[in-house]
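So for the sequence shown, UniProt numbering puts the first residue at 1; every next one is plus one. C-beta atoms are modelled at their ideal positions from N, C-alpha and C, and glycine is treated no differently. Presented below is the structure to which this report refers.
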Amino acid sequence: MTTLVGYATAQGSTRGVAERIAAILTAAGIEVDLQAAREMGPAHGYDTVVLGSAIHNGQWLPDATAAIERLDLPANRCAVWAYSVSSVGATSTTLSPRVARYLRRVTPEPDAVQMLRTRTELRDHRFFAGAIAPGDWPGFGRIVFRLMGGRYGDARDWHDIDTWARTIGGEITENRH
Ligand SMILES: Cc1cc2nc3c(=O)[nH]c(=O)nc-3n(C[C@H](O)[C@H](O)[C@H](O)COP(=O)(O)O)c2cc1C
Numbered sequence: 001m002t003t004l005v006g007y008a009t010a011q012g013s014t015r016g017v018a019e020r021i022a023a024i025l026t027a028a029g030i031e032v033d034l035q036a037a038r039e040m041g042p043a044h045g046y047d048t049v050v051l052g053s054a055i056h057n058g059q060w061l062p063d064a065t066a067a068i069e070r071l072d073l074p075a076n077r078c079a080v081w082a083y084s085v086s087s088v089g090a091t092s093t094t095l096s097p098r099v100a101r102y103l104r105r106v107t108p109e110p111d112a113v114q115m116l117r118t119r120t121e122l123r124d125h126r127f128f129a130g131a132i133a134p135g136d137w138p139g140f141g142r143i144v145f146r147l148m149g150g151r152y153g154d155a156r157d158w159h160d161i162d163t164w165a166r167t168i169g170g171e172i173t174e175n176r177h
């Protein structure tokens, strides 16, 4: 059985997270398909799906939401894990630490993740911080980013991403024995 690692990205940092998750699973001896969300079809033939998206305006990108429909999860009984890549991750952020602490408390799960919960027993959902460059935020968003103490750069916490991926790998390996 193979694990599908899917991602939707606008500027590339979510693809980097997906590549890292895929590399960790591969190193654990797990067969992995890495696919952009728009290439994904039904989850047929996969025992595990790890799907994630960049966050724009609080939500997953349309490609990732559309991929959920095509996965046909009720028919393909696989374990599903989800991740979101935004300004504020569980352990790092591109915003000021104070704003990030507040946002962690009040930010709801994206609608797409809630949709996954209605269709499958979602194993886990985790927020990772991504990367942001000057020019990524359009007009007004750039002002809000500055007001929230935003700093341009790459805030991905590879240790946290690796730890999460190893948890997934551990569960896959355990279920196969
Ligand atoms: C148009 C736009 C909207 C965004 N909206 C949000 C948001 O609502 N919340 C948030 O935490 N980050 C937001 N971000 C930041 C991105 O989620 C973050 O930079 C992420 O790393 C982008 O992933 P990507 O490089 O895979 O596209 C936004 C970025 C852009 C460009």
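(1) Please go through the same chain and pick out, in chain order, the residues whose beta-carbon is closer than 7 Å to the beta-carbon of ASP111, but skip the five residues on each side of it.
(2) Could you pull out every residue in the same chain whose Cβ sits closer than 8 Å to the Cβ of TRP158, ignoring the five residues on either side in sequence?
(3) Per DSSP, what kind of secondary structure is HIS159 in: helix, strand or coil?
(4) Distance, Cα to Cα, GLY41 vs ALA129?
(5) Give the straight-line distance between the Cα atoms of SER92 and ALA155, rounded to the nearest whole angstrom.
(6) Note down the Cα distance separating VAL103 from ALA22, rounded to an integer number of angstroms.
(7) Report the residue from VAL50, VAL85 and HIS44 whose alpha carbon sits nearest the alpha carbon of LEU34.
(8) Does the contact criterion of 3 or more C-beta pairs under 8 Å hold for the stretch 106-121 versus the stretch 79-91?
(9) Please identify the residue among LEU73, ALA90, ALA27 and VAL106 whose C-alpha is closest to the C-alpha of TYR46.
(10) Should THR48 and CYS78 be called a contact, given that it needs their Cβ atoms to be closer than 8 Å?
(11) Identify which residue in MET148, ILE161, ALA67 and HIS56 has its Cα closest to the Cα of TYR7.
(12) At 4 residues or longer, what runs of the alpha helix (DSSP H) sit wholly inside the stretch 10-91?
(13) On the CB-based measure, 16 or more other CB atoms within 10 Å of its CB, does LEU147 come out buried or exposed?
A quick look at the data gives this:
(1) For the purposes of this step, residue 111 is taken as the residue at position 111 of the sequence shown. Answer for ASP111: GLN59, listed in chain order.
(2) As a position in the sequence shown, residue 158 is number 158, starting the count at 1. Only ARG20 meet the Cβ criterion.
(3) Walking along the sequence shown from the start, residue 159 turns up at place 159. Reduced to three states, the DSSP call for HIS159 is helix.
(4) Along the sequence shown, one-based indexing puts residue 41 at 41. Along the sequence shown, one-based indexing puts residue 129 at 129. In a straight line, the C-alpha of GLY41 is about 27 Å away from that of ALA129.
(5) Locating residue 92 in the sequence shown gives position 92, where the first residue counts as 1. Locating residue 155 in the sequence shown gives position 155, where the first residue counts as 1. For SER92 and ALA155, the distance between alpha carbons rounds to 6 Å.
(6) Counting from 1 along the sequence shown, the entry for residue 103 is found at position 103. Counting from 1 along the sequence shown, the entry for residue 22 is found at position 22. Checking the sequence, you will find Leu at residue 103 rather than Val. Rounded to the nearest angstrom, the two C-alpha atoms are 28 Å apart.
(7) For the purposes of this step, residue 34 is identified with residue 34 of the sequence shown, where counting begins at 1. Taking only the C-alpha atoms, the option nearest LEU34 is VAL50.
(8) yes
(9) The residue labelled residue 46 in the question sits at position 46 within the sequence shown. Comparing Cα positions, the closest option is LEU73.
(10) On the sequence shown, position 48 is the one that residue 48 refers to. On the sequence shown, position 78 is the one that residue 78 refers to. Their beta carbons are under 8 Å apart, which means THR48 touches CYS78 by this criterion.
(11) Translated into the one-based positions of the sequence shown, residue 7 becomes position 7. Taking only the C-alpha atoms, the option nearest TYR7 is ALA67.
(12) 13-27 and 62-71
(13) Residue numbering aside, residue 147 sits at position 147 when the sequence shown is read from its first letter. Result: exposed.
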